[in-house]
Amino acid sequence: YGQLTFRDWHPVGGDERDYDIPFPGDPNIVFGTGLGGRLSRWDARTGQVRNVAPWPVSSY
1091 YGQLTFRDWH PVGGDERDYD IPFPGDPNIV FGTGLGGRLS RWDARTGQVR
1141 NVAPWPVSSY
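In the numbering used here, the protein residues as written are 1091 to 1150.
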């Protein structure tokens, strides 16, 4: 009691030094940022992580 162990947390898809933000309308959804503009979406209900980073528009 009174301490956090490795059993009390789990990865949510972002990188270790970037931001993780819960979706305001659904706390089961967490968006995480990563290196190189990576953006991921984690769903706590399913445990699924998806890459949702937008691709740049081609200039040619």
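Positions of the beta carbon are idealized from the N, C-alpha and C atoms, including for glycine.
Note that the coordinates shown come from a computational prediction; the quantities given were computed from them, not determined experimentally.
Can you tell me the Cα-Cα spacing of residue i and residue j, whole angstroms?
{"i": "residue 1098", "j": "residue 1143", "result": "28 Å"}
{"i": "residue 1133", "j": "residue 1115", "result": "13 Å"}
{"i": "residue 1107", "j": "residue 1145", "result": "22 Å"}
{"i": "residue 1140", "j": "residue 1096", "result": "24 Å"}
Look up residue i in the DSSP assignment and say whether it is helix, strand or coil.
{"i": "residue 1140", "result": "strand"}
{"i": "residue 1116", "result": "strand"}
{"i": "residue 1098", "result": "helix"}
{"i": "residue 1126", "result": "helix"}
Tell me, please, which residues DSSP counts as bridged to residue i.
{"i": "residue 1121", "result": "1111, 1131"}
Are there 16 or more other CB atoms within 10 angstroms of the CB of residue i, so buried, or fewer, so exposed?
{"i": "residue 1122", "result": "buried"}
Return the chain-ordered list of same chain residues with a C-beta closer than 6 Å to the C-beta of residue i, the five sequence neighbours on each side being excluded.
{"i": "residue 1120", "result": "1102, 1110, 1112, 1132"}
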